[in-house]
Amino acid sequence: MAKRWILLVVMVIGFVHIKPALVHADDPLLVSPRKEWRIVFNTPLDSGTVSEDSVYITRSSDGERMKVQVSLSDNKRKVFVTPLVPYKSDETYTLHVSSSITSLQGVAMKAPQTLDFQAKEGMKYTDQSIEYFQEIAFGAEFNSDALPIRKWEINPRIQVHGSPTDEDMNAVKSTIEDVNTLQSAIDVKLVDKDANINIYYVPIEEFGNYVDNPREGNWGLFYYSWEAGYKITNATILISTDKPSQEGKSHLVREEITQSLGLPRDSYSYPDSIFFQDYTTTQGFTDLDATLIQMLYEDEVEPGMAPDEAIDILISLKP
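Counting in the working numbering, the sequence shown runs from 25 upward without gaps.
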């Protein structure tokens with residue numbers, strides 16, 4: 025099977041040189057005809073070295089350069105490559121990143137980098153959603169373990185304990201309703217017994233009564249377990265009653281419920297996302313958040329699937 029890697033092209037600038045970490049796939053990556061490439065650096069770039077001459081796209085069949093717009097983010101750490109004309113379906117193209125790009129300190133890239141890709145019409149999910157899915161669905165929240173797809177195949181049954189306010193209960197019910205509206209593979213229910221997801225609204229100093237080694241300073245967290253085949257079977261969610269505001273608690277319970285369904289990781293990519301790494305009080309799902317839930321609970325995406333296998337499936341799905 026051809027390997028599919030995260031479509032976010034990452035290049036790392038070291039202390040004395042730029043060390044590229046652009047990963048090549050066995051076959052060209054499949055992308056939409058209007059794919060915008062995002063190239064992320066961990067140090068600001070010299071804007072004078074970033075242009076259509078140093079970052080460009082060619083058509084593999086004849087080497088012709090495509091018409092693109094190259095721009096640099098305000099913090100000078102991201103380069104965006106936007107096609108001005110859609111790529112032709114089934115054509116193969118090559119993204120080029122020249123070694124002439126330098127940091128603000130004048131450190132040049134050690135070697136140029138390329139990445140082959142192919143345009144594909146009629147994809148159910150956008151490149152943006154597939155990229156974000158790869159950030160959020162694989163691995164673990166607090167470590168770098170290489171974990172595959174994890175998801176529920178039994179219906180989650182949520183019971184709330186402790187001292188929730190009326191607003192807390194409304195937030196739980198609203199999240200359940202949204203999740204059930206977005207997909208039909210599982211039916212999340214609020215119950216008063218026989219739960220497999222237990223939510224505890226307790227003071228933060230009591231977190232240790234319910235889970236081992238709670239992370240210090242976390243006002244909300246979740247732990248979950250799975251059986252053979254990475255099928256999630258139960259989860260525990262803790263929400264502090266004495267640290268966050270009501271708005272903060274409503275955000276936290278939505279985030280932790282959603283993560284306990286099999287989308288465990290946080291990200292700095294989208295500040296308005298429920299999965300944003302820093303503390304926020306976002307009250308609902310963005311369109312992109314909602315899409316990730318739908319992607320995870322596609323029938324074809326199975327627990328235990330490695331990233332390359334799951335992404336191949338998602339790319340192949342039709343609207």
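Glycine is no exception: its CB is placed at the ideal position from the N, C-alpha and C atoms.
The beta strand (DSSP E) enclosing residue i, as first and last residue numbers
i	result
Q142	Q137 to A143
S264	K255 to S264
I337	Taken as a continuous stretch (DSSP letters only), I337 belongs to no beta strand (DSSP E), being part of the alpha helix (DSSP H) at P331 to S340.
N242	That residue, N242, is in no beta strand (DSSP E); it is neither H nor E in DSSP.
N222	I221 to V226
I210	Where I210 is concerned, there is no enclosing beta strand (DSSP E), given that its DSSP letter is neither H nor E.
L171	No beta strand (DSSP E) contains L171, which DSSP labels as neither H nor E.
Y117	T116 to V121
Coil, strand or helix - residue i by DSSP
i	result
Y156	helix
K134	coil
K100	coil
Q129	coil
Q301	coil
D86	coil
S18	In this structure the chain extends from 25 to 343, so residue 18 is not present and cannot be described.
Q93	strand
E251	strand
T67	coil
Bounding residues of the alpha helix (DSSP H) (the contiguous stretch that carries residue i)
i	result
Q183	No alpha helix (DSSP H) holds Q183; the beta strand (DSSP E) holding it covers R181 to G186.
K197	D190 to L206
V277	Q270 to S284
T315	D311 to L320
Residue burial classification, residue i (beta-carbon count within 10 angstroms, cutoff 16)
i	result
S127	buried
V105	buried
L108	exposed
Q283	buried
G286	buried
P288	buried
H48	Note that H48 has pLDDT 38, beneath the 50 cutoff, so the model's placement of it is unreliable and the number below is only indicative. Under this definition H48 is an exposed residue.
R58	exposed
Beta-carbon separation (whole angstroms), residue i vs residue j, contact threshold 8 Å
i	j	result
P343	K112	Contact flag wrong, Cβ pair sits at about 20 Å.
Y117	S75	That pair is no contact at about 19 Å.
V196	I154	Wrong, their Cβ atoms sit about 30 Å apart, outside the cutoff.
T7	G186	Outside the shown range of the chain, which is 25 to 343, sits residue 7, and nothing can be said about it.
The segment 207-227 in contact with the segment 168-183 per 3-pair CB rule at 8 Å: yes
Given 8 Å, three or more beta-carbon pairs between the segment 128-141 and the segment 293-308: no
Sufficient close CB pairs (3 or more, under 8 Å) joining the segment 243-250 to the segment 196-212: no
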